[in-house]
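Chains as they are written, first to last, in our numbering: chain A, 100 to 239; chain B, 4 to 142. Cβ atoms here follow ideal geometry from the backbone N, Cα and C, with glycine treated the same way. Remember, it's a predicted structure, so these values are computed and weren't measured experimentally.
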């Protein structure tokens with residue numbers, strides 16, 4: 100049985116804790132409260148986010164891998180975890196003009212990783228904000 | 004089309020080693036996974052089948068049947084086994100999570116697709132809660 104060049108998907112989950120406040124300068128104070136509810140609290144609040152990265156590609160016949168886990172970890176830790184873990188998302192340059200909803204965080208993470216993978220193609224980024232909600236972005 | 008997924012767990016040991024490489028090269032690429040004494044994981048196997056619910060039963064497939072297929076085709080071969088030493092597909096092939104997902108698909112496909120109802124859609128194998136590989140068949 101050989102797995103030469105068969106396409107498979109490799110997924111890896113990373114944790115990061117960050118704070119954010121959902122607030123749009125385009126809306127009035129009342130509209131912000133109506134749109135974002137508790138998440139508009141001026142002092143912000145935080146989550147333990149789970150970022151799930153899915154990479155697709157041929158299984159390298161020499162290693163049996165789509166990509167090396169240690170290489171992926173290095174890229175995700177440098178580009179995403181170190182940047183956002185124990186940080187206030189609203190203060191990140193990516194969120195100066197963009198509300199740090201988890202939808203937007205998901206897209207930002209995808210863009211930060213998309214051209215930086217050591218092998219394979221970034222197929223999907225999923226960000227779980229709590230156990231009960233998550234967001235996914237597949238790129239355009 | 005409805006997708007139905009069933010999970011099962013198995014525990015197995017393995018190591019990563021490419022016979023064509025030197026010991027140094029194996030250690031560089033595979034790190035701690037290259038220890039020839041092996042190590043183990045509690046794996047989770049997630050099998051997704053796709054089909055139309057039967058108009059009489061409302062089932063895509065009978066879950067008990069799917070459980071039996073997973074146990075017979077995959078768990079009987081992998082659970083509480085050393086994958087490199089005891090499963091024929093990994094004598095030559097390195098038992099990475101990617102290759103386990105592909106191998107489990109090959110074990111399941113004839114039984115699932117041969118039953119004439121739902122089709123095998125996806126096999127996902129978790130090595131730890133944080134690491135998984137999946138295979139959707141074909142290329």
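Point to revise | Per-residue DSSP class, three states only, for residue 134 of chain B | key: Here residue 134 of chain B sits in strand by DSSP.
Exercise for review: Inspect the beta-carbon positions of residue 136 of chain B and residue 95 of chain B and report whether they are closer than 9 Å.
Suggested key: Result no, Cβ atoms of residue 136 of chain B and residue 95 of chain B do not sit closer than 9 Å.
Check your understanding: So with Cβ pairs under 9 Å, would you call residue 137 of chain B a contact of chain A?
Key -> Closer than 9 Å to some Cβ of chain A, the Cβ of residue 137 of chain B qualifies, so yes.
Practice item. Kindly indicate if chain A contains any beta-carbon less than 9 Å away from that of residue 18 of chain B. Key: Not one chain A Cβ lies under 9 Å of residue 18 of chain B.
Point to revise | For residue 7 of chain B: DSSP bridge partner residues | key: Looking at the DSSP output, residue 7 of chain B bridges to B:52.
**Study point:** residue 98 of chain B vs residue 17 of chain B beta-carbon contact at 9 Å
**Key:** Contact: yes.
**Study point:** Alpha carbon of residue 144 of chain A to alpha carbon of residue 214 of chain A, nearest angstrom
**Key:** For residue 144 of chain A and residue 214 of chain A, the distance between alpha carbons rounds to 31 Å.
**Study point:** Min CB distance residue 112 of chain B to chain A below 9 Å
**Key:** False, the Cβ-Cβ gap to chain A never drops below 9 Å.
Exercise for review: Check whether the segment 111-127 of chain A touches the segment 146-156 of chain A, taking contact to mean three or more Cβ pairs, one atom from each stretch, closer than 8 Å.
Suggested key: These segments touch.
Review point. The alpha helix (DSSP H) spanning residue 19 of chain B covers which residue range?
Key: No alpha helix (DSSP H) contains residue 19 of chain B, which DSSP labels as neither H nor E.
Point to revise | 9 Å Cβ cutoff, residue 168 of chain A in contact with chain B | key: Residue 168 of chain A counts as touching chain B.
Exercise for review: Give the range of the beta strand (DSSP E) segment to which residue 127 of chain A is assigned.
Suggested key: That residue, residue 127 of chain A, is in no beta strand (DSSP E); it is neither H nor E in DSSP.
Practice item. With 9 Å as the C-beta to C-beta threshold (strictly closer), list the residues of the segment 102-118 of chain A near chain B in chain order. Key: Listed in sequence order: 102, 104, 105, 106, 107, 108, 109, 110, 111, 112, 113 and 114.
**Study point:** beta strand (DSSP E) segments (min. 3 residues) lying fully within the segment 103-159 of chain A
**Key:** Annotation: the segment 103-159 of chain A contains the following complete segments of the beta strand (DSSP E) (minimum length 3 residues), in chain order: 106-119 and 144-157.
Review point. Are the segment 154-174 of chain A and the segment 132-144 of chain A touching by the rule of at least three beta carbon pairs closer than 8 Å?
Key: Output reads no: the segment 132-144 of chain A does not touch the segment 154-174 of chain A.
Check your understanding: Under the three-state reduction of DSSP, which class applies to residue 206 of chain A: helix, strand or coil?
Key -> Correct three-state label for residue 206 of chain A: helix.
Review point. Around the C-beta of residue 87 of chain B, are 16 or more other C-beta atoms found within 10 angstroms, so that it is buried, or is it exposed?
Key: So residue 87 of chain B ends up on the buried side.
Review point. According to a CB-to-CB cut-off of less than 7 Å, which residues of the segment 23-35 of chain B neighbour chain A?
Key: Cβ contacts with chain A come from 32 and 34.
Point to revise | Residue burial classification, residue 171 of chain A (beta-carbon count within 10 angstroms, cutoff 16) | key: When all chains shown are included, residue 171 of chain A counts as buried.
Point to revise | Alpha carbon of residue 5 of chain B to alpha carbon of residue 235 of chain A, nearest angstrom | key: Looking at the two C-alpha atoms, the distance is approximately 20 Å.
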